[in-house]
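Residue numbers (the working numbering): 31 to 385.
Note that CB positions come from ideal geometry on N, CA and C, so glycine has one too.
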């Protein structure tokens, strides 16, 4: 037994020695990525960043590999569609391009897709592209077009929740509560018993007395340059019990001092209590509000991530469809902590729990 243990120690030590330094890990990552093994390269990136969380080169390399993976996949999908068009190929490429923020290019792609597919799914992606334009440029014509296309897609794809989810998101962010209620009612028909949707429905019902028509609500967005949820928790549907476990997991990470989740005027804090928690939450909210305002003035679109570094550590914010996650952390955030933040702000954790 001792003999086997000594052999295992030597073998594992030799394997670990290949990534015993950030530089050695970076060399292996570059070799894997250069050979097209992006999944292996990303797995090694995460492992190396867990061991060397403050290494700037590894952080930069991780981002570069992710971008290269997406670029490579985009080119491959475009070539596949040129040689043999398929619904799956169009769907994956549209999803990828929307994640990359390429809404205008997605519209061109959808135009090709609609010529061969009358299922209504291309209509949904066209609506999604127009909605991304609207959320970034606040132009009423894009918002109205997105809502109308989503409505058309919903008539054809009556069992697909995506068009109704998109209608709800547009109406909610503009304050067209009656339209938001109708979209949520349809979602409840498709997903009865979903706690997240039920909670949102109750909040929207409470706001229907102050509802505006969709056209006026969208026009007000263009006039003011602001959505309702830029500053307020408009539908009051934050389910703390769904968000808190993910926030606690984030706050328990060694590289995180304090973790926050913000949605409008509601803020959840883990890692600080009392006056310190209130003061920190207000500061985070002010930073988020100013960032959104500055992004609009600079025509940057919707801000997705903000990082600030100082002598006392770093502040990282990630904004998503369900709210914003933020951490006061060590100088550099690990890949795992960054992933947990993205899951919180995008609602992945809440959706999985609700299901």
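request  = Output the distance between the C-alpha atoms of residue 359 and residue 84, rounded to the nearest integer angstrom.
outcome  = Cα to Cα, the separation comes out at about 11 Å.
request  = Express the C-alpha separation of residue 296 and residue 262 in angstroms, rounding to a whole number.
outcome  = At residue 262 the pLDDT is 43, less than 50, meaning the model places this residue with poor confidence; the figure from the coordinates comes in the next sentence. The C-alpha of residue 262 lies about 8 Å from the C-alpha of residue 296.
inquiry  = So residue 187 and residue 150 are supposed to be a Cβ contact under 8 Å. How far apart are they, rounded?
reply    = Indeed they touch by this definition, with Cβ atoms about 4 Å apart.
task = Report buried or exposed for residue 105, applying the criterion of at least 16 other Cβ atoms within 10 angstroms of its Cβ.
result = Exposed.
ask   = How would you call residue 162, buried or exposed, if buried means at least 16 neighbouring beta carbons within 10 angstroms?
value = With 16 or more Cβ atoms within 10 Å of its Cβ, residue 162 is classed as buried.
message = What would DSSP say about residue 291, mapped onto helix, strand or coil?
response = Residue state, collapsed to three classes: strand.
ask   = Taking the alpha-carbon positions, what's the residue 233 to residue 214 distance?
value = For residue 233 and residue 214, the distance between alpha carbons rounds to 11 Å.
inquiry  = For residue 359, list the residues DSSP reports as bridge partners.
reply    = Beta bridge pairing from DSSP links residue 359 with 286 and 344.
key: Where residue 87 falls, given that 16 or more other Cβ within 10 Å makes a residue buried   = The residue in question, residue 87, is exposed, as its Cβ has fewer than 16 Cβ neighbours within 10 Å.
task = Inspect the beta-carbon positions of residue 387 and residue 349 and report whether they are closer than 7 Å.
result = Past the boundaries of the shown model lies residue 387; the chain is included only from 31 to 385, so the question cannot be answered.
ask   = When every heavy atom of the ligand COA is checked, does at least one fall within less than 6 Å of the C-beta of residue 55?
value = Only the bare structure without any ligand can be found here, which leaves the ligand COA out of the picture.
ask   = Going along the chain, which residues of its own chain have a beta-carbon closer than 6 Å to the beta-carbon of residue 137, five neighbours each way excluded?
value = 159.
request  = Have a look at the DSSP bridge pairing and note the partners of residue 338.
outcome  = Residue 338 is bridged by DSSP to 345.
inquiry  = Using a 10 Å radius around the Cβ and a threshold of 16 neighbouring Cβ atoms, would you call residue 43 buried or exposed?
reply    = With a pLDDT of only 38 at residue 43, under the threshold of 50, the placement of this residue in the model should not be trusted, and no figure is reported.
request  = Look at the alpha carbon of residue 169 and the alpha carbon of residue 224, and state the distance between them as a whole number of angstroms.
outcome  = Residue 169 and residue 224 have their alpha carbons spaced roughly 33 Å apart.
Straight-line Cα distance separating residue 355 from residue 371 = For residue 371 and residue 355, the distance between alpha carbons rounds to 6 Å.
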